[in-house]
Amino acid sequence: MSVVEISDLVVRYDPATGAALPVRRADVIGALRAAGDRRGARIAAAIPHHDGVLDAAEVERLLIRTHTELQRLNEELRITEQMAELLAPLLAAIGSDGERPLIVDVGCGIGYVIRWLAVTGVLGDADLCGVDFNAGLIAEATRLATAEGLSCRFIHGDAFDLPSRATVYISTGVLHHLRGRQLCAFFRAQADAGARAYCHFDIAATRLAPLGAWMFHRARMREPLGRHDGVASARRAHSDHDLMTAASPVSGLVPVLYRTVQHSNPFCASVRPILGVREQYLPALRTALGPAERHLTTRIPPPRLPW
Ligand SMILES: C[S@@+](CC[C@H](N)C(=O)[O-])C[C@H]1O[C@@H](n2cnc3c(N)ncnc32)[C@H](O)[C@@H]1O
Numbered sequence: 050m051s052v053v054e055i056s057d058l059v060v061r062y063d064p065a066t067g068a069a070l071p072v073r074r075a076d077v078i079g080a081l082r083a084a085g086d087r088r089g090a091r092i093a094a095a096i097p098h099h100d101g102v103l104d105a106a107e108v109e110r111l112l113i114r115t116h117t118e119l120q121r122l123n124e125e126l127r128i129t130e131q132m133a134e135l136l137a138p139l140l141a142a143i144g145s146d147g148e149r150p151l152i153v154d155v156g157c158g159i160g161y162v163i164r165w166l167a168v169t170g171v172l173g174d175a176d177l178c179g180v181d182f183n184a185g186l187i188a189e190a191t192r193l194a195t196a197e198g199l200s201c202r203f204i205h206g207d208a209f210d211l212p213s214r215a216t217v218y219i220s221t222g223v224l225h226h227l228r229g230r231q232l233c234a235f236f237r238a239q240a241d242a243g244a245r246a247y248c249h250f251d252i253a254a255t256r257l258a259p260l261g262a263w264m265f266h267r268a269r270m271r272e273p274l275g276r277h278d279g280v281a282s283a284r285r286a287h288s289d290h291d292l293m294t295a296a297s298p299v300s301g302l303v304p305v306l307y308r309t310v311q312h313s314n315p316f317c318a319s320v321r322p323i324l325g326v327r328e329q330y331l332p333a334l335r336t337a338l339g340p341a342e343r344h345l346t347t348r349i350p351p352p353r354l355p356w
């Protein structure tokens, strides 16, 4: 039976315009019940609605609250530091041809990673941008960046129809939302957009991950939707094998794993990245990483999930 996340079901967009479409409560509940998820169906049933159509403003507030709690989780996981640890050598390796590099965070939510990169200035002279197809989250990201006086921007847009050409595309917690052919299409969209590299962090798929996610979200989140989706995310996280298999046919960007799940401490393997880099920059990336270079591999690991 498939695993679904409530946050994917309570929003719907017109593929042509990106405009939000009405969502019928019965459809959300039906999809959760069809997945055998009675608890998820109860959580969805509590969302306010008008004549069976979910109240869009309530859904927006709910998703902002959930993403704010998610930011706290990401702070604890030090996801920004982990991202910067790779982005800095990646930028050094790919060079810039005299232009400021543009880093675009795809599926940025309320923009935590981009705001952190802007406030710390850890990447030096770089343009920073976040993209998300949820206009409410983009508005919140913009509000927070303005309040903090940060030099970065946020754009309403789709990962499959990228609004600006980036030097490097990044993401956190997005890959597991992409199912089937979408995953390969996601990597392809970035290669086609002319990126020199990508770096996408997501939940490390292990047999222990759903239990770890349950404990972590139970302890740190209050929103039932966030707690529910946190565990669902861990249950449908892509294995290293599946990520590399989806990214390999995309010409132009060579997929690389860093700190593979297989070779990590099971209790510390919470998130890990997949990188893609144009082949000519791979030797320079190895040099820029120094001793950490030993954690890079271009090999596709076996399909079996560890632990
Ligand atoms: C789990 S949230 C992660 C948000 C943020 N990156 C973080 O780590 O807090 C996944 C995000 O991806 C966005 N998203 C999913 N599919 C997308 C697509 N095709 N285009 C743009 N954004 C997308 C969702 O709107 C949501 O904000």
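In our numbering, the protein residues as written are 50 to 356. Beta carbons are placed, not taken as given, at the ideal position from N, Cα and C, and that holds for glycine. For clarity, every value in this text was computed on a predicted model and none was experimentally measured.
Around the beta carbon of Gln329, fewer than 16 other beta carbons sit within 10 angstroms, so the residue counts as exposed.
If you ignore the 5 residues before and after Leu331, its C-beta comes within less than 7 Å of the C-beta of Val303, all in its own chain and listed in chain order. For the pair Asp174 and Leu334, the Cα-to-Cα distance works out to about 19 Å. Contact between Ile323 and Ile219 is ruled out by a C-beta separation of about 11 Å, above the 8 Å threshold.
Of the heavy atoms belonging to ligand 1, none sits nearer than 7 Å to the Cβ of Asp104. In the three-state reduction of the DSSP assignment, Thr255 falls in the coil class, being assigned neither a helical nor a strand state.
Just so you know, the alpha carbons of Arg127 and Ala254 end up roughly 18 Å apart.
DSSP places Leu151 inside the beta strand (DSSP E), whose first and last residues are 151-155. Taking one beta carbon from each stretch, the stretch 285-303 and the stretch 98-111 have fewer than 3 pairs nearer than 8 Å; the two do not touch.
Secondary-structure assignment with DSSP links Gly179 through a beta bridge to Asp154, Phe203. Taking the C-beta atoms as reference points, Arg245 is found nearer than 8 Å to Ile143. One Cα belongs to Val60, the other to Pro71, and the distance between them is close to 8 Å. The Cβ-Cβ distance between Val168 and Leu199 falls below 8 Å. Using a C-beta cut-off of 8 Å, the stretch 202-209 makes contact with the stretch 232-239, since at least three inter-stretch Cβ pairs fall below that distance. Here the alpha carbons of Gly243 and Gly275 stand approximately 35 Å from one another. DSSP lists no bridge partner for Ile163.
Straight-line spacing of the CA atoms in Pro352 and Ala68 works out to 38 Å. Look at Val53 here: in three-state DSSP terms it is coil, with no helix or strand label. For Arg110, no beta strand (DSSP E) run applies; the uninterrupted alpha helix (DSSP H) run containing it begins and ends at 105-126, by DSSP. In the three-state DSSP reduction, Asp210 falls in the strand class (E or B).
Using a Cβ distance threshold of 8 Å, Thr129 and Ser56 do not count as a contacting pair. The beta carbons of Ala137 and Leu166 sit no closer together than 8 Å. In the structure shown, the three-state DSSP call for Leu227 is coil. Shown here, Leu324 sits in a strand according to DSSP, grouped into three states.
The alpha-carbon separation between Thr195 and Ile349 amounts to approximately 42 Å.
Not a single heavy atom of ligand 1 lies less than 7 Å from the C-beta of Leu70.
Shown here, Ala215 sits in coil according to DSSP, grouped into three states, outside any helix or strand. The beta carbons of Phe265 and Leu122 sit closer together than 8 Å. Nearest to Ser145 by alpha-carbon distance, out of Phe203, Asp176, Asp86, Val53, is Asp176. In the displayed model, Thr66 falls within coil according to three-state DSSP, outside both helix and strand. In this model, Leu135 and Asp63 are separated by some 35 Å (Cα to Cα). Rounded to whole angstroms, the gap between the alpha carbons of Pro97 and Arg228 is 28 Å.
In this structure, Gly222 has its beta carbon less than 7 Å from a heavy atom of ligand 1.
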